[in-house]
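Notes for the one structure printed next.
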Amino acid sequence: MKGLSQADLAQRMDVSRQTINSIETGRYTPSLPLAIAIARFFGVTVEEIFHADHS
Amino acid sequence: MQTTAKTSRKYLATPIFGVLMGVVYLVALSVAGNPVSGVLAFAVMVAFSGGLLLARRRSETVRGLLDHRDERISAIDLRATAVTALVMIAVVLVAFVVEIARGQSGWPYSMIGAVGGVTYLAAVIVLRIRG
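Here the protein sequences come in this chain order: A and B. Under our numbering, the first residue of the first sequence carries the number 2, and numbering increases by one thereafter. Under our numbering, the first residue of the second sequence carries the number 24, and numbering increases by one thereafter.
As C-alpha cells, then:
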C-alpha cells in the first residue's frame, strides 16, 4: 500500500518491523491469525496475499 | 490502558527475575561465608537486568524476547531454547560417560539426565493431552 511503511504495518499488527520485513521477503511464514489480520487490514483474502509454495 | 499495563509487567518479568536471582546468590554466598562474592554476584545480575532494559529501547529483538508480543521472535526464542537444551543434554551425557569411565558413580550427571528425561516425557504427555 502506497505510503505505508513496514513500521506502520508492524505497529498496526502488534509485531516488530523485522517480522513484517521477513514476511515480505519470504523468510518467515506468519501464523494463521497474523495472516488473517494482515489480509483484513488490506481488505483482501489471505489467498490474495500469501501463496503456498510447494516447489 | 489495561493492555499497556499488562505489557509493562510482562517485559519486566525477566529483569526482575534476574535481580531476584542476584539476591539469592547474595544470600547463598553470604551464608557460605563469602559476602564479597555475594555482593559481586548481585551486582552482576543487577547490571545484566539493567542492560536488558537498556537494550530493549534500541533492539526490536530484545524487546520481542522480553514482552513475547512478536510471534516471530517468540518462535526464535523457542527454537533457541530447544537448541540450548540439546547442547545441555549432550554435555550431560558426555560428562556422565566420562565419569563412569573413570570409575565414578556418574553423579550428579545421572540425576540431571534423569530429570531432563522425565521432564521431556511429562511435557510431551501434557502437551499431547492439551492438543
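Using N, Cα and C, we set each Cβ at its ideal position, and we do this for glycine too. No experiment lies behind these values; they were computed from the predicted model shown.
- Under the three-state reduction of DSSP, residue 29 of chain A is assigned to coil, being neither helix nor strand.
- In the structure shown, residue 5 of chain A adopts coil according to DSSP, grouped into three states.
- Membership of residue 136 of chain B in the alpha helix (DSSP H) is indicated by the continuous run 132-153.
- For residue 51 of chain A, the three-state secondary structure derived from DSSP is coil.
- Within the segment 47-75 of chain B, no run of beta strand (DSSP E) at least 3 residues long lies entirely inside it.
- Scanning chain A for C-beta atoms nearer than 7 Å to the C-beta of residue 87 of chain B yields 17, reported in chain order.
- Going by C-alpha positions, residue 11 of chain A is about 56 Å away from residue 127 of chain B.
- Secondary structure at residue 46 of chain A: coil, using DSSP grouped into helix, strand and coil.
- If you ignore the 5 residues before and after residue 77 of chain B, its C-beta comes within less than 6 Å of no other C-beta in its own chain.
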